[in-house]
Amino acid sequence: GAGVSQSPSNKVTEKGKDVELRCDPISGHTALYWYRQRLGQGLEFLIYFQGNSAPDKSGLPSDRFSAERTGESVSTLTIQRTQQEDSAVYLCASSVGRNQPQHFGDGTRLSIL
Amino acid sequence: ILNVEQSPQSLHVQEGDSTNFTCSFPSSNFYALHWYRWETAKSPEALFVMTLNGDEKKKGRISATLNTKEGYSYLYIKGSQPEDSATYLCASSNAGGTSYGKLTFGQGTILTVHP
Chain A
622 GAGVSQSPSN KVTEKGKDVE LRCDPISGHT ALYWYRQRLG QGLEFLIYFQ GNSAPDKSGL
682 PSDRFSAERT GESVSTLTIQ RTQQEDSAVY LCASSVGRNQ PQHFGDGTRL SIL
Chain B
82 ILNVEQSPQS LHVQEGDSTN FTCSFPSSNF YALHWYRWET AKSPEALFVM TLNGDEKKKG
142 RISATLNTKE GYSYLYIKGS QPEDSATYLC ASSNAGGTSY GKLTFGQGTI LTVHP
């Protein structure tokens, strides 16, 4: 069956540009998570959506980062005015509910020049 | 323990060896402990989710135990094979509030199994 799909798989952009990353979760999964992994570091939580509840945005590193999810479907993570420290692999995961095993996408590798 | 910590950071073993590694996590307000395997060029794959103190789970040659009172979990691999080579991640979540689905990940243990 279809897994979590992320696009683009790679993105190279200039410092100062805005980028939008997309995540298609597994159908029926109410929970959706965004993480990032910067070079040499562990997985860092960014934001978590659960159904129609208010998202947990506690991991977003600055107000340049925002994310949206409509219902239980696609989510987009937007980074405005990108900086070089935003370079990372951005991973999306979904699960059938809170504290259930998470299914990860292949990630978007973002490089800021 | 305020963060999730894993040890060792990396491990090299020979094919056929059995091995284990440790995950330490905050025991207060604990809800769940997850283990994932992350192979190079792939996405992380869920191994286990455990919630109960004393819980033991097994998947083939891999098993895990959980001690929620002292805040640690062990992952065991019996008879390691080269295909077991991967980064093994653990993550914990806390109970209550709007964030109890949120996972805090450790830095991972990188396992290399030599033929």
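These protein sequence lines are chains A and B, in that order.
So the first sequence is numbered by this note's numbering: it starts at 622 and just counts up by one.
So the second sequence is numbered by this note's numbering: it starts at 82 and just counts up by one.
Cβ coordinates follow ideal geometry from the N, Cα and C atoms, glycine included.
Looking at C-alpha atoms only, which residue of Asp-707(A), Thr-651(A) and Ala-688(A) is the closest neighbour of Arg-659(A)? Translated into positions along the first sequence, residue 659(A) becomes position 38. Per the Cα distances, Asp-707(A).
Could you please give me the residues that DSSP links to Tyr-157(B) through a beta bridge? Counted from its first residue, the second sequence places residue 157(B) at position 76. DSSP, once it has assigned bridges, lists Asn-101(B) and Ser-144(B) as partnering Tyr-157(B).
In the DSSP assignment, what are the bridge partners of Thr-697(A)? The count along the first sequence starts at 1 and reaches residue 697(A) at position 76. Partner(s): Arg-643(A) and Glu-689(A).
Counting pairs of beta carbons, one from the segment 641-651 of chain A and one from the segment 687-705 of chain A, are three or more of them closer than 8 Å? yes
How about the segment 165-177 of chain B and the segment 102-111 of chain B: do they share at least three Cβ pairs that are nearer than 8 Å? yes
Which residue wins for smallest C-alpha separation from Gln-705(A), given the options Val-625(A), Ser-628(A), Ala-623(A) and Gly-637(A)? On the first sequence, residue 705(A) is found 84 positions in, with the first residue counted as 1. Looking at the Cα atoms, Gly-637(A) is the closest of the given residues.
Other residues of its chain near Leu-698(A): CB distance less than 6 Å, five sequence neighbours each side excluded: Taking the first sequence and counting its residues from 1, the one referred to as residue 698(A) is at position 77. Excluding residues within five positions, the ones whose Cβ falls inside 6 Å are Leu-642, Trp-655 and Ala-688.
Quick check on DSSP: helix, strand or coil for Asp-677(A)? Here residue 677(A) is taken as the residue at index 56 of the first sequence, counted from 1. Strand, per DSSP.
Hey, is the segment 145-162 of chain B in contact with the segment 95-109 of chain B, meaning 3+ C-beta pairs nearer than 8 Å? yes
Buried or exposed: Thr-193(B), going by 16 or more other Cβ atoms within 10 Å of its Cβ? By 1-based counting over the second sequence, the position of residue 193(B) is 112. So Thr-193(B) counts as exposed.
What does Gly-30(B) touch in chain A if you count any residue whose Cβ is under 7 Å from its own? With chain B represented from 82 up to 196, any question about residue 30(B) goes unanswered, as that position is not in the structure.
Please decide whether Pro-89(B) counts as near chain A, where near means a Cβ-Cβ distance under 9 Å. What you label residue 89(B) is simply residue 8 of the second sequence in a count that begins at 1. No, its Cβ sits nowhere closer than 9 Å to a Cβ of chain A.
Under three-state DSSP, which class holds Gln-723(A)? For the purposes of this step, residue 723(A) is taken as the residue at position 102 of the first sequence. Gln-723(A) falls in the coil class under three-state DSSP.
Output, in chain order, the set of chain A residues within a Cβ distance shorter than 7 Å of Phe-186(B). If you number the second sequence from 1, residue 186(B) lands on position 105. Near Phe-186(B) (Cβ distances below 7 Å), the residues of chain A are Gly-663 and Leu-664.
Measure from the C-beta of Tyr-112(B) to each C-beta in chain A and report whether the shortest distance is under 9 Å. Position 31 of the second sequence holds residue 112(B). Interface residue, yes.
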